[in-house]
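Chains as they are written, first to last, in the working numbering: chain A, 30 to 343; chain B, 0 to 329; chain C, 25 to 330.
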Amino acid sequence: MLRFTLSRVGQTLAVLFTVSVIVFAMMRMIPGDPALMLLGDDFTQEAYQRLRAKLGLDQGIVTQYVLWLRSVLEGDLGDSLLLHERVSRLVLDAFVPTLWLVVASLVVGVLIAVPSGILAAMRKDGPWDWGSMGFAILVYSMPSFWKGIVLIWVFSVWLGWFPAMGYVDPLARPGEFLWRMVLPAITLGTFFSGLVARIIRSSLLEVLDQDYIKAARAKGVRQGALVYRHALSNALIPVVTVIGLQFGTLLGGAVLTETVFSIPGLGRLTVNAILSRDYSVVQGAILVAVASIVVVNLLVDLTYAFLNPKIRVT
Amino acid sequence: MTVRPDDLPAADVVLDVRDLTVEFLTEEGRVRAVDEVSFQVRRGEVVGLVGESGAGKSLTSEAILRLIRCPPGRLSGQVWFRGRDLLRLSEAELATIRGGEIAMIFQNPGGSLNPVFRVGDQIVEALQLHRPEPRRTLRERTLDILGRVGIPSAAARARDYPHQFSGGMAQRAMIGMGIACVPTLLIADEPTTALDVTIQAQVLALIRRLCRETGVAVLLVSHDLGVISQMCHRVLVMYAGRIVEAASIQRIFHAPAHPYTQALVACLPGAGDRQRLGAIPGTMPGLRALPSGCRFHPRCRLAEARCATEEPRLSRLDDGHLAACHLAGR
Amino acid sequence: MTDHAGPEGLALPAAAATRAEPAGAAGEALRWWRRFARNRGALFGLGVFLAVLVMAVFAPVLAPHDPVAQGVGKPLAGPSLSHWAGTDSFGRDIVSRIVYGARIALVVGILAVLLALVIGVTLGLVAGYYGGVVDAVIMRVMDGLFAFPIIILAIGMMAIVGFGVGNLIVAVAVGFIAPFARVTRGDVLAVKEEPYVEAARLAGVGSLAVMFRHVLPNVMAPVIVQGALRVSGAIITEAGLSFLGLGPPPPTPVWGSMIAEGRNFIVMAPHVSTLPGIALMVTIVGLNLLGDGLRDALDPRLRRGA
């Protein structure tokens with residue numbers, strides 16, 4: 030387990046490094062003088078020269094990268110042109126709503142996928158199986174932003190049950206937070222629940238075929254305990270990994286969902302920034318988003334290793 | 000077609016299988032994998048069920064505890080155990096018998112243990128289901144059992160996971176789990192097939208010892224006549240879903256009546272004065288393309304015209320010896 | 025992997041290296057088709073794809089009105105006999121815009137995937153064939169790319185390249201390079217050890233030629249399947265980008281932007297958003313089913329050689 034952990038952490042650091050290079054390269058490839066771009070309307074000769082020195086624009090590209098990386102690691106992601114704020118502040122403030130959205134969507138998705146996947150496996154080839162798998166494919170193919178709009182139309186405009194937008198601090202006003210989160214969480218959650226339900230179904234079917242299930246039944250274990258204790262404890266292990274790895278997809282989906290529901294998250298921040306050519310914000314937001322995905326992937330891998338006795342105990 | 004192999008006092012009979020049939024519904028129609036099989040197992044006796052792969056022996060053993068998924072499977076016939084027909088019991092009633100009065104061990108010992116639970120906990124679970132006691136007591140019993148089946152350092156081993164057990168040790172653990180609740184009958188489906196030859200001998204010796212110590216009856220399924228010869232009092236020979244011969248171990252090896260049994264025995268190394276190993280030409284027929292008349296006749300060296308048209312019934316040759324062959328005893 | 029194509033690999037002329045079916049005899053293709061046709065979902069998907077293709081190609085003929093002409097109908101009118109899908113806020117006929125929208129969807133979707141395929145397969149080929157440092161470097165970069173959600177990567181690319189249809193294609197393509205590279209590299213590693221590759225090398229054939237003439241045809245099958253599966257993803261990404269306002273500028277009819285425009289009128293004229301969305305969804309479902317069907321039909325063939 031220790032060796033596994035160390036190797037995975039090493040891999041993660043390598044990927045983080047590569048990601049930082051990619052983000053740096055992306056921003057440097059934008060045509061134009063980087064210092065000019067970053068100053069925008071706040072241009073003064075003095076500020077310009079200072080920024081040029083700070084970015085190391087008169088030195089080699091590798092030095093520029095190192096300088097940039099150093100400031101990032103110190104927490105300095107630059108300043109926003111538009112909002113005249115430190116990018117790090119903006120990004121972290123925007124990250125919180127996005128995280129809440131992703132968590133809420135995960136919860137919704139899992140609540141839908143797990144029972145539906147289990148039932149589909151238990152009643153294989155029955156109407157429930159075909160129905161839920163068909164539903165899963167349908168929901169998975171629906172563009173999330175359109176689904177959000179349709180949900181708004183039905184539940185907000187027509188039925189008036191839920192609001193169409195907004196976000197409040199869940200710690201301050203949990204009730205209202207949940208109420209406003211229902212539609213966005215369903216939009217994003219149903220998307221990945223389709224995928225997860227299919228995987229749970231196939232994982233459970235595979236496990237139910239195994240010899241140890243037959244042996245447990247021969248031991249006298251009843252059907253209920255057989256499925257929920259013996260089978261699921263094995264079948265859900267790979268599923269946990271899949272769910273964890275969806276974090277990246279959900280973050281991508283959040284970009285669109287935030288726009289539909291006017292949630293002040295990272296996605297909306299990035300889109301507005303790119304439309305207004307506020308490049309340091311774009312760079313900071315992408316960096317933080319992708320870095321968090323990489324870290325979450327690491328945590329997912331470690332969780333899997335912990336849950337699987339074959340790796341945990343060698 | 001119920002020819003009772005022995006007219007025994009009912010008290011001595013532990014398992015009485017009558018016309019057990021296992022059918023499967025496939026795309027091409029109904030297939031009978033086990034065809035009206037009847038036999039008995041007595042208290043303290045080791046009965047061997049032998050045949051080639053695909054003869055239906057494993058299915059027969061699984062059918063007793065109804066471990067076959069139905070549908071697509073379908074069981075018919077009767078399986079009498081302690082005054083009750085197992086095929087007519089509800090799942091709940093059957094669950095109390097499984098692992099309790101009838102235990103079963105399988106071919107793939109490592110794969111028969113749940114990979115995410117500790118081995119000791121799995122034995123505790125077996126005890127919990129049939130002889131519930133405080134957990135601490137059950138843990139002690141588990142260590143006892145592990146010791147009894149010859150697993151050293153039982154305390155440490157109980158905390159291990161199945162993947163840390165070798166094949167032989169895993170099978171010992173399975174045997175331990177099987178006898179934990181002092182069953183009346185132990186069904187062993189190819190228990191040594193997946194093990195090394197040296198380990199095989201140890202595991203078989205263990206089963207023999209336990210049989211002596213506890214008086215448990217054993218139904219031993221194997222394709223290996225050598226294993227059968229070391230373990231069994233009586234032998235049932237299966238071919239293409241039917242029992243073709245039933246006799247004591249001595250009779251099977253010294254005076255087999257059915258040509259198939261004779262051929263099987265002749266295949267054993269050391270049988271007779273052969274320099275080469277014998278072999279039976281051809282292969283067992285698939286269940287969908289059974290030959291007319293006697294199922295073995297295409298491969299039989301004694302086959303006559305009658306054998307191709309009329310299927311022979313299992314008939315009594317003399318005391319305790321039955322065979323299904325028109326030319327039995329030649 | 026597909027070693028039944030082994031000996032032919034040597035004899036294939038360079039042009040055949042880019043053909044979709046390695047060593048495809050007519051009988052092979054027919055068998056494949058029958059397997060594919062048994063899957064009703066896949067047939068539906070094929071139907072959808074063909075319908076969208078026809079819509080895109082024959083848009084000028086099929087569309088009842090000029091998609092960018094304003095005021096052909098009363099603005100925000102619901103579906104009626106003269107305008108089957110109603111009109112948008114500028115009085116433009118929505119059906120015509122949906123029909124023309126198929127063009128952008130297909131063009132961007134297919135070209136983006138093709139671009140990603142060409143780049144990704146080349147990278148995977150080089151990485152798998154040369155191994156060592158080249159492999160390590162390329163794969164590290166792919167790992168990095170993999171960490172980006174596709175839409176975030178596309179947004180980043182748009183910052184660099186700017187807006188417009190061509191740039192949209194590039195931006196969407198970038199997200200799909202890594203999967204192609206990985207799949208190709210895996211298969212190349214297997215095929216590399218095959219005897220006919222050895223033979224070509226020993227015969228003195230140059231590395232590049234070995235790579236492209238002998239190795240490539242035998243790894244193409246799963247890549248094609250991957251490609252088909254990814255087109256729907258590319259289309260969804262393009263629609264998402266257009267929805268966010270990063271797509272082709274108005275008045276170009278694009279399904280994503282149409283949905284975005286309609287958002288403001290969801291109360292009084294829901295059809296403006298919902299109907300283009302249905303077109304998008306049906307296309308995606310169809311393409312997904314088509315891709316699944318292709319994969320299932322090709323699978324036994326892929327497994328046979330391994």
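Even for Gly, the Cβ is constructed at its ideal location relative to N, Cα and C. Quick caveat: nothing in here was measured; it's all calculated off a predicted structure.
- Excluding the 5 residues flanking it on each side, N312 of chain C has same chain C-beta neighbours closer than 6 Å at S256, in chain order.
- With respect to the C-alpha of P311 of chain B, the residue from B:C324, B:R300, B:I144, B:R87 having the closest C-alpha is B:C324.
- Taking a beta-carbon distance threshold of 7 Å, N63 of chain C does not count as an interface residue toward chain A.
- At least 7 Å separates the beta-carbon of A171 of chain C from that of I162 of chain C.
- If you look at A256 of chain B, you'll find it isn't in any beta strand (DSSP E); DSSP assigns it neither H nor E.
- Distance between G228 of chain C and V234 of chain C, taken at the CA atoms: about 10 Å.
- Take S75 of chain B, set aside five residues on each side of it, and the residues of its chain with a beta-carbon closer than 6 Å to its own are T20, in chain order.
- Nearest CB-CB separation between I176 of chain C and chain A: below the 7 Å threshold.
- In the structure shown, E132 of chain B falls within a coil segment according to DSSP collapsed to helix, strand and coil.
- According to the DSSP assignment, I104 of chain B belongs to the beta strand (DSSP E) that extends over 101 to 104.
- No Cβ of chain A is located within less than 7 Å of the beta carbon of Y259 of chain B.
- Residues of the segment 184 to 216 of chain A that bring their beta carbon within less than 7 Å of a beta carbon in chain C comprise V186, in sequence order.
- At a cut-off of 7 Å between beta carbons, K176 of chain A makes no contact with chain B.
- Sixteen is the threshold: since fewer than 16 other Cβ atoms of the shown chains lie within 10 Å of the Cβ of G71 of chain C, the residue is exposed.
- What A263 of chain C touches in chain A, judged by beta-carbon distance under 9 Å, is P172, F174, W175, going in chain order.
- According to the DSSP assignment, R315 of chain B belongs to the beta strand (DSSP E) that extends over 314 to 317.
- The count of Cβ pairs closer than 8 Å, one atom from the segment 266 to 284 of chain A and one from the segment 145 to 161 of chain B, stays below three, leaving the stretches out of contact.
- Distance from the CA atom of V137 of chain A to the CA atom of I174 of chain B, rounded to whole angstroms, is 45 Å.
- By alpha-carbon distance to F38 of chain B, the top candidate from B:V16, B:V30, B:E44 is B:V16.
- Residues are counted here when their Cβ sits less than 8 Å from a Cβ of chain A; for the segment 162 to 186 of chain C these are R164, V165, D167, G168, L169, A171, F172, P173, I174, I175, I176, I179, G180, M181, M182, A183, I184, given in chain order.
- Under the Cβ distance rule, L280 of chain A counts among the residues neighbouring chain C, one pair being separated by less than 7 Å.
- When Cβ-Cβ separations below 7 Å define contact, R251 of chain A makes contact with chain B.
- The C-beta distance from L326 of chain B to E303 of chain B rounds to 7 Å, short enough to fall under 8 Å.
- Here A93 of chain C carries a coil assignment [DSSP, helix/strand/coil].
- Counting along the chain, E262 of chain C sits inside the alpha helix (DSSP H) bounded by residues 240 to 268.
- Rounded to the nearest angstrom, the gap between the Cα atoms of V306 of chain C and V76 of chain C is 10 Å.
- I283 of chain C has its alpha-carbon roughly 7 Å from the corresponding atom of W175 of chain A.
- Taking all protein chains in view, the Cβ of W187 of chain A is surrounded by fewer than 16 other Cβ atoms within 10 Å, so the residue is classified as exposed.
- Under the 7 Å criterion on CB atoms, L267 of chain B is classed as non-interfacial with respect to chain A.
- The three-state reading of DSSP puts R300 of chain B in coil, since its state is none of H, G, I, E or B.
- Within chain A, the C-beta atoms nearer than 7 Å to that of T95 of chain B come from G249, in chain order.
- The residues T270, in chain order, have a CB closer than 6 Å to that of Y333 of chain A in the same chain once the five nearest residues on each side in sequence are set aside.
- The beta-bridge partner set that DSSP reports for H320 of chain B consists of B:D317.
- At a cut-off of 7 Å between C-beta atoms, S297 of chain C counts as an interface residue with respect to chain A.
- Residue B:F164 holds the alpha-carbon nearest to the alpha-carbon of P338 of chain A among B:P255, B:L219, B:F164.
- Nearest in C-alpha terms to D34 of chain B, of all of B:P297, B:R287, B:I122, is B:R287.
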